[in-house]
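**Student:** Quick note on numbering: the numbering used here labels position 33 of the sequence shown as 68, and the sequence is numbered without any gaps.
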Amino acid sequence: MTQDSQSQRRNYLLAWLGLVGLTCVTTALAFVDLGALGTAAALLIAGVKAAVILVFFMHLWRGPALPRVMAAGAVIWLLILMFLTAADYATRGWIPVPGK
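1. Start and end of the alpha helix (DSSP H) containing residue 102?
2. Do the CB positions of residue 63 and residue 69 come within less than 8 Å of each other?
3. If we ignore side chains and look at the alpha-carbon of each, how far apart do residue 65 and residue 96 end up?
4. If you draw a straight line from the C-alpha of residue 60 to the C-alpha of residue 92, how long is it?
Set out below in structure tokens:
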């Protein structure tokens, strides 16, 4: 086995162990009452898991520039959509219920 394939196996194993560990943390977090912070913590852990997948399994760390640009564009587009959704939700008025 060459040195490169051994280091690649080691990287995949470390990424897998990290994902399994973060999944265990997410599962344990579900049993702890954190109130509103529970959702934020779960989303933060999910973001870290997504970053691990992007870097290790999609080879965005040292790969060609085009996939990195496309991934960055997708993340920027997702952030724009989330911002627009939050702005729409924040600026809508509540419709009164008739008879109350």
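Idealized CB from N, CA, C, for every residue including glycine.
**Tutor:** This is what the structure holds:
1. 100 to 126
2. no
3. 31 Å
4. 21 Å
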